[in-house]
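Numbering (our numbering), first residue to last: 5 to 235. The beta-carbon is built from N, C-alpha and C at its ideal position, and this holds for glycine as well.
Here it is as structure tokens:
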């Protein structure tokens, strides 16, 4: 697999486009990005409350933050732009600053892409990033309200999908009303889908790897709605 367009499609992995586009009343509509009709919304960043969980063994969810899609009240928060089109269609090139596998994300990317695909391993749609790395959710996190309970050593093994303030989230096969964001304990902004914080797995080294699937009975590929995907 050499690219999302040629590699994934030739190996039985197909990106799914949303059947329709819904623009919520409170959203800021974004159109005409790079000459392409691209519409979406802005989202506010929920504030993370202090958490006592610092590893994947945490059993009890910590104090809950503000909902990811509601104003946080902090003047330091910048809204993220969620764009209902792919990065390529919007004229973006490169990887937005994202990394692969165990590589350390030294700085938050300026943009990311969430794409829904199906694979022979997992028959139901699940999410990948622009690097075609599988994205996961953690059963010990919470979605209502959104809260990450994976910090410190856990976050090294399961790097959170982060983005810089004011960054853009491009979508392929994901409804933009499913996407939100929270501010983690370390101050980074983490993307949520269906309220669930999303992560990479450091043990996935190449496109198509799903080595994190089912780890510890708590880590699973994440569906475009935030649900966990099981075989």
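Rounded straight-line distance, which links the Cα of residue 96 to that of residue 37: Counting from one through the chain shown, the residue named residue 37 turns up at place 33. Counting from one through the chain shown, the residue named residue 96 turns up at place 92. Confidence at residue 37 is low in this model, with a pLDDT of 33, below 50, so the placement of that residue is unreliable and no value is reported for it.
For residue 111, the nearest candidate out of 224, 206, 187, 102 (CA to CA): Stepping through the chain shown from its first residue, residue 111 is reached at position 107. Nearest of 224, 206, 187, 102 to residue 111, Cα basis: 102.
Bridge partners - residue 185, DSSP secondary structure assignment: Taking the first residue of the chain shown as position 1, residue 185 is located at position 181. In DSSP, residue 185 forms a bridge with 195.
Ordered list of alpha helix (DSSP H) runs contained in the region 91-161, each at least 4 residues: 157-161
Closest residue to residue 225 among 100, 89, 126 (Cα-Cα distance): By one-based count along the chain shown, residue 225 stands at place 221. Looking from the CA of residue 225, the closest CA among 100, 89, 126 belongs to 126.
Exposure of residue 108, with buried meaning 16 or more beta-carbon neighbours within 10 Å: Here residue 108 is taken as the residue at index 104 of the chain shown, counted from 1. Taking a 10 Å sphere around the C-beta of residue 108, we find fewer than 16 other C-beta atoms and assign the residue as exposed.
Neighbourhood of residue 30 by C-beta, 6 Å cutoff - its chain only, sequence neighbours within 5 removed: Here residue 30 refers to the residue found at position 26 of the chain shown. Its pLDDT being 30, under 50, residue 30 is placed unreliably by the model, and the measurement read from it follows with that caveat. Here the set comprises nothing.
Distance CB(residue 171)-CB(residue 113) smaller than 8 Å: Along the chain shown, read from residue 1 onward, the residue named residue 171 stands at position 167. Along the chain shown, read from residue 1 onward, the residue named residue 113 stands at position 109. Their beta carbons are under 8 Å apart, which means residue 171 touches residue 113 by this criterion.
Environment of residue 18 [buried if 16+ CB atoms lie within 10 Å]: By 1-based counting over the chain shown, the position of residue 18 is 14. With a pLDDT of only 42 at residue 18, under the threshold of 50, the placement of this residue in the model should not be trusted; the figure read from the coordinates follows. Its Cβ having fewer than 16 others within 10 Å, residue 18 is exposed.
Residue 75, buried or exposed, once every other Cβ within 10 Å from all chains shown has been counted against 16: Sequence index remark: in the chain shown, residue 75 carries index 71 (1-based). Unreliable positioning characterises residue 75 in this predicted model, as indicated by a pLDDT of 32, which lies under 50. The coordinate reading is nonetheless provided below. The residue in question, residue 75, is exposed, as its Cβ has fewer than 16 Cβ neighbours within 10 Å.
The region 135-143 contacting the region 87-95, beta-carbon criterion three pairs below 8 Å: no
Three-state secondary structure (DSSP) of residue 219: In the chain shown, counting from the first residue as 1, residue 219 sits at position 215. Three-state result, residue 219: helix.
Endpoints, the beta strand (DSSP E) within which residue 175 is located: Within the chain shown, numbered from 1, the residue matching residue 175 stands at position 171. That run of the beta strand (DSSP E) goes 172-176.
Bounding residues of the beta strand (DSSP E) (the contiguous stretch that carries residue 84): Taking the first residue of the chain shown as position 1, residue 84 is located at position 80. Counting along the chain, the beta strand (DSSP E) containing residue 84 begins and ends at 84-87.
Residue 166 classed as buried or exposed, judged by whether at least 16 other C-beta atoms fall within 10 angstroms: In the chain shown, residue 166 corresponds to position 162, counting from 1. Residue 166 comes out buried.
Nearest-angstrom beta carbon gap, residue 119 and residue 177 [assumed within contact, 8 Å]: To locate residue 177, count along the chain shown from 1; it is residue 173. To locate residue 119, count along the chain shown from 1; it is residue 115. The Cβ separation is near 6 Å, so the contact holds.
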